[in-house]
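In my numbering, the protein residues as written are 117 to 210. Note sheet for the following structure.
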Amino acid sequence: MSHVPLKPIGKSREQVVDDRTFATQRENLGKLESRVEDTRAKVHQGWGEKYVERVHAKGKLTSRERIDLLKDSGSEVYEVGTFVNEGREFGKLT
């Protein structure tokens, strides 16, 4: 087996930003992550319970239910484009 020497790159965090600034940035990032997770949960709900009931009444499964049946048990699904249409309004064109 070959030896691959690992050399550190860049500077340590302490050399780049002081502790106070780092703590502030970390707190702000936590708020942004929380917003993203809340939006992801909202998107995951889809069109709501009425939609799910309507799909089930037709004897069908929702998209995520079908994906859950297709994937290996215990494996995660990494959705791509989760926020593509977030915040858009759809309806009749005038």
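Backbone N, C-alpha and C define an ideal beta-carbon position, used for all residues, glycine too.
Starting from residue i, trace the alpha helix (DSSP H) both ways and give me its first and last residue.
i    : result
D184 : S179 to L186
S150 : D135 to Q161
V200 : Segment: none, V200 is in no alpha helix (DSSP H) and carries neither H nor E.
V132 : R129 to V132
Please name the residue in the options whose C-alpha comes closest to that of residue i.
i    : options                   : result
G197 : E165, T155, K147 and K174 : T155
E195 : R151, G203, F138 and A157 : A157
E192 : G146, I183 and F199       : I183
S179 : V168, V133 and N144       : V168
What is the DSSP secondary structure of residue i, counted as helix, strand or coil?
i    : result
V168 : helix
V193 : coil
Going along the chain, which residues of its own chain have a beta-carbon closer than 8 angstroms to the beta-carbon of residue i, five neighbours each way excluded?
i    : result
L177 : V171 and L185
Got a sec? Which residues, its chain only, sit under 6 angstroms from residue i by beta carbon, not counting five neighbours each side?
i    : result
W163 : none
Leaving out five residues on either side along the sequence, give the residues of the same chain with a beta carbon under 7 angstroms from the beta carbon of residue i.
i    : result
V152 : none
Report yes if the C-beta of residue i is less than 7 angstroms from at least one heavy atom of the ligand MG; otherwise report no.
i    : result
R136 : Absence of the ligand MG is noted for the structure shown, with no ligands found whatsoever.
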